[in-house]
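Chains as they are written, first to last, in this note's numbering: chain A, 1 to 247; chain B, 1001 to 1057.
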Amino acid sequence: MSGPSTSLRSEPTEPQSRHAHDTWTAALTRWVEGLVPRGQWLPDRQPVYVASWIYVFGVACLASLVVIIVSGLVLSLGGVAWWHVSTLGHFVNSVHLWSVELFFATMVIHLWGKFFMASWRGNRGLTWATGALAFFGSLGTAFTGYLIQTNFDAQWISTQAKDGLNAAGIGAWFNVMDLGQMMLWHVSLLPLVVGAIVVVHIVLVRRRGVAPPIGATEPSPPGAAAAAGAAPTESPATLATRSGVKS
Amino acid sequence: MITQFLAASQPVPAGPVVQWGWLTITVANLLVILLMVVVFVLALLLPFPAPREDEDQ
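Here you go:
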């Protein structure tokens, strides 16, 4: 009865060597907690240069993605032909289409802004790369979406695309004239891939902070002081937009 | 329902296109791209609204 006791709670002051004997769940918990340290996720203050419209398009793109996912879920519940025969289905389909239009427009403007800002500076190469991957993944998702409209438009696109894909040698595995397969790609596989890439992209943005304009003074990383256990300090460049824009 | 299916089965015309040399683009797509450029330039030029004074408290 008096076997070795096990502690259900992790003790933050215990030495690092004890971690080798932890369960995988405890290790996973620590990894998740360390992924974006407290103070870096949903910060309540931002550098002054964030008070610009050009910094709005990333989150506008993200908001569009949320509308896309919700409207897409409703559409998939109704089935591929629902929007042809239902007024509500037509409305939801239009919401899905226009949120995609907004998603791509805001994503491309976000891309232009970040490109001319050289946003890969300051150890942000992976942030830039995941953004590019999200863009290309979204292109594939949009393409498969056009293929499952179940109308002449979809038929035309699929019959044109099959020749190119066959010429590339992948038509046997990615058959654009197979409605069921394209449905699977569009509502399941590609959204999961794009969603995962977007999550990594946002985590990287939160960890490394938004890219400063060229020539601007970059503050210390958000939450760095809090993560180190020190009181947060504010240099002139870190003063936040929440309490007013300061030049 | 049959009427709706018939309406959905009508081909949608591609619309007018413009052509410069090797480039062919529909007017609709060209307008969207130009609108995006305008929004991009405005985002760089327009001042961002300052927070209200009472938020300083």
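Glycine included, C-beta positions come from ideal geometry on N, C-alpha and C.
Bear in mind that the values here come from a model prediction, so they are computed numbers and not experimental data.
Secondary structure of residue i, DSSP reduced to three states
{"i": "A/Val56", "result": "coil"}
{"i": "B/Leu1023", "result": "strand"}
{"i": "A/Val200", "result": "helix"}
{"i": "A/Val187", "result": "helix"}
{"i": "A/Val92", "result": "helix"}
{"i": "B/Val1017", "result": "strand"}
{"i": "A/Asn175", "result": "coil"}
{"i": "A/Ile170", "result": "coil"}
{"i": "A/Gly79", "result": "coil"}
{"i": "A/Trp156", "result": "helix"}
{"i": "A/Ala51", "result": "coil"}
{"i": "B/Leu1030", "result": "helix"}
{"i": "A/Val36", "result": "coil"}
{"i": "A/Ala226", "result": "Confidence at A/Ala226 is low in this model, with a pLDDT of 49, below 50, so its placement is unreliable and the value that follows should be read with caution. Residue state, collapsed to three classes: helix."}
Exposure of residue i, with buried meaning 16 or more beta-carbon neighbours within 10 Å
{"i": "B/Phe1040", "result": "buried"}
{"i": "A/Arg30", "result": "exposed"}
{"i": "A/Gln160", "result": "exposed"}
{"i": "A/Ser158", "result": "buried"}
{"i": "B/Pro1013", "result": "exposed"}
{"i": "A/Ala216", "result": "exposed"}
{"i": "B/Pro1016", "result": "exposed"}
{"i": "B/Ala1043", "result": "buried"}
{"i": "A/Ile214", "result": "exposed"}
{"i": "A/Leu204", "result": "buried"}
Which residues DSSP lists as bridging residue i, in chain order
{"i": "A/Val70", "result": "A/Val70 is not bridged to any residue."}
{"i": "A/Val210", "result": "In DSSP, A/Val210 forms no bridge with anything."}
Residue i: contacting residues in chain A (beta-carbon distance under 8 Å)
{"i": "B/Ala1043", "result": "Ser52, Trp53, Ile54, Val56, Phe57, Ile109 and Gly113"}
{"i": "B/Leu1046", "result": "Trp53"}
Whole-number beta carbon distance between residue j and residue i, since they are thought to touch under 8 Å
{"i": "A/Ala60", "j": "A/Thr25", "result": "Incorrect: roughly 37 Å between the Cβ atoms, too far for contact."}
{"i": "A/Ala132", "j": "B/Phe1048", "result": "About 27 Å; that fails the 8 Å criterion."}
{"i": "A/Ser64", "j": "A/Ser99", "result": "5 Å"}
{"i": "A/Val36", "j": "A/Arg207", "result": "6 Å"}
{"i": "A/Leu111", "j": "A/Val92", "result": "About 28 Å; that fails the 8 Å criterion."}
{"i": "B/Ile1025", "j": "B/Val1018", "result": "6 Å"}
Within chain B, the residues that residue i reaches when beta carbons sit closer than 9 Å
{"i": "A/Ala252", "result": "This structure cannot settle anything about residue 252 of chain A, because the visible part of chain A is limited to 1 through 247."}
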